[in-house]
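Novice:
In this note's numbering, the protein residues as written are 1 to 261.
Structure, rendered in structure tokens:
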């Protein structure tokens, strides 16, 4: 499968959250960029280098060799980060197969592959999970590389939605972007709360930031107070005997905005 492109507006802001600075912790300058990325696809039998991420996104596992996955990813260098934000294009996939998944997300992780701690939020199409082909907002977490802990949304103890939240895990979102038509985006951000130590999730594309909920600090001990890595990903997963679903719009970056995603 050729690698497809995704377009995010990215921000990694490790210096301060809620007006609180983090002493002498390692930080980097805030940055905002429009990125069309064209990165390595992690092929079957090859492990990713530089950034370790959940087994859910890996092409091959010892437990299940019947599925294939592809990931396009931009990630930070190793450091200590406190906040991340992405403007994510909403793209539908009406003809996607039942056991196929396609989506985009923000991700904070620890460094190691075994015992990986990871928190994630984004948007995907996953008919087997929702029984439809709509785009859904999702959250995901694990503290052992998805071996025995973690789940999507609120299917197990994990992400805690805010009361009356404008966007909740598993909720369908619309409208979707259309090729060479109108683009539709939703911006989300994930921050460490300097008081509670929890990771808090916001929606940022409306008149003011809206609190969506939090990942309790107890979920991922290796992410208490910050994260060694942050990433922005586009991903697909599907049975090996089926064609891959599109990642985003399914069109390459040379086609430009309103087409490539």
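Think of the CB as a built atom: it goes at the ideal place given N, C-alpha and C, for glycine as much as any other residue. Computed from a prediction, not measured in an experiment: that's the story for all the values here.
1) Is it true that the segment 70 to 84 meets the segment 162 to 176, where meeting means three or more beta-carbon pairs spaced less than 8 Å apart?
2) For residue 96, tell me which candidate among 236, 259, 257 has the shortest Cα-Cα distance.
3) With a CB to CB cut of under 6 Å and the five nearest residues on each side skipped, what residues in its chain are close to residue 243?
4) What are the uninterrupted segments assigned as beta strand (DSSP E) that are 3 or more residues long and contained completely in the segment 175 to 202, given in chain order?
5) Is residue 117 buried or exposed, if buried means 16 or more other CB atoms sit within 10 Å of its CB?
6) Taking residue 215 and residue 209 to be in contact with their CB atoms under 8 Å, please state how far apart those CB atoms are, rounded to whole angstroms.
7) Check whether the segment 180 to 192 and the segment 140 to 151 touch, using three or more Cβ-Cβ pairs below 8 Å as the test.
8) What does a CB cutoff of less than 6 Å around residue 262 pick up in its chain, not counting 5 residues either side in sequence?
9) State yes or no: is the C-beta of residue 107 within less than 8 Å of the C-beta of residue 120?
10) By a C-beta neighbour count over all protein chains shown, 10 Å radius and 16 as the cutoff for buried, is residue 206 buried or exposed?
11) What does a CB cutoff of less than 6 Å around residue 230 pick up in its chain, not counting 5 residues either side in sequence?
12) Taking the beta carbon of residue 23 as the centre, do at least 16 other beta carbons fall within 10 Å, making it buried, or is it exposed?
13) Between residue 66 and residue 136, what straight-line distance do the alpha-carbon atoms span, to the nearest angstrom?
14) Under the rule that 16 or more other beta-carbon atoms within 10 Å means buried, what is residue 257, buried or exposed?
15) For the beta strand (DSSP E) containing residue 238, name the first residue and the last one.
16) If you draw a straight line from the C-alpha of residue 104 to the C-alpha of residue 245, how long is it?
17) Report yes if the CB atom of residue 115 is closer than 8 Å to the CB atom of residue 177, and no otherwise.
18) Out of curiosity, what's the CA-to-CA distance linking residue 163 and residue 211?
Specialist: Walking through what the data contain:
1) As far as the Cβ criterion goes, the segment 70 to 84 does not touch the segment 162 to 176, which means the pair count is below three.
2) Of the listed residues, the one whose Cα sits closest to residue 96 is 236.
3) So the list is empty, once near-sequence residues are dropped.
4) Those beta strand (DSSP E) runs which fall completely within the segment 175 to 202 and span 3+ residues are 185 to 192.
5) Burial check for residue 117: the Cβ neighbour count within 10 Å reaches 16 or more, so the residue is buried.
6) So it is not a contact: roughly 17 Å between Cβ atoms.
7) Counting C-beta pairs with one atom in each stretch, the segment 180 to 192 and the segment 140 to 151 have fewer than three that are closer than 8 Å, which means they do not touch.
8) Residue 262 falls outside the range modelled here, since the chain spans only 1 to 261, and no answer is possible.
9) Cβ atoms of residue 107 and residue 120: closer than 8 Å.
10) When all chains shown are included, residue 206 counts as exposed.
11) Same-chain partners within the cutoff: 12, 76, 81, 84, 108.
12) With a pLDDT of 28 at residue 23, under the threshold of 50, the modelled position of that residue is not reliable, and no figure is offered here.
13) One C-alpha to the other measures close to 25 Å.
14) Flag for residue 257 reads exposed.
15) It spans 229 to 239 - the beta strand (DSSP E) in which residue 238 sits, taken as one unbroken run.
16) Residue 104 and residue 245: Cα-Cα distance of roughly 13 Å.
17) One thing to note: residue 115 has its Cβ no nearer than 8 Å to the Cβ of residue 177.
18) Approximately 9 Å between the Cα atoms of the pair.
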